[in-house]
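First comes the structure, then the notes that go with it.
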DNA sequence: ATTCTCACA
DNA sequence: TGTGAGGA
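In our numbering, the protein residues as written are 11 to 142.
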């Protein structure tokens, strides 16, 4: 789950993107105006597109070829974005659960000190962090 | 050589 | 969406 920073890394100028996507510079810039993509900019104000931007543009292209207009593409993109957010929240929930379990394990160690393989922490110091 | 913004005989 | 102007 670390590839995303690579996928979002600003890499290629518009010339490369047009060759990769078969789109004209005009189209690419227009789609940006419509908020479909947000490429980064260099110091000289030149666009730098990421892998995700290119994928996005290819997705947009295929939708347009299927007869979907800008408004339609916007909504399709929003929905896929909402799906991603839903997945993030799901993983977030999982992490929180695992943290709860970790809490329970630590609590067990506090309540049952002296067992083999377990660290013995004094009750008075840490047990106050848990609800008995 | 490339890309950027703006505007439309 | 295409295209040309004028700058960076």
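Beta carbons: idealized from backbone N, C-alpha and C, even for Gly.
Closest to residue i by C-alpha separation, out of the options, would be which residue?
i	options	result
residue 60	17, 117, 104, 89	17
residue 68	92, 95, 29, 119	29
residue 87	106, 51, 41	41
Is the Cβ-Cβ distance between residue i and residue j less than 8 Å?
i	j	result
residue 10	residue 56	No answer is possible for residue 10: it lies beyond the span of the chain, which begins at 11 and ends at 142.
residue 44	residue 71	no
residue 63	residue 49	yes
residue 46	residue 52	no
How far does the alpha helix (DSSP H) with residue i in it extend, from its first residue to its last?
i	result
residue 43	35–43
residue 83	80–121
residue 46	No alpha helix (DSSP H) contains residue 46, which DSSP labels as neither H nor E.
What is the DSSP secondary structure of residue i, counted as helix, strand or coil?
i	result
residue 58	strand
residue 13	helix
residue 51	strand
residue 131	Its pLDDT being 49, under 50, residue 131 is placed unreliably in this model, and the coordinates cannot settle the point.
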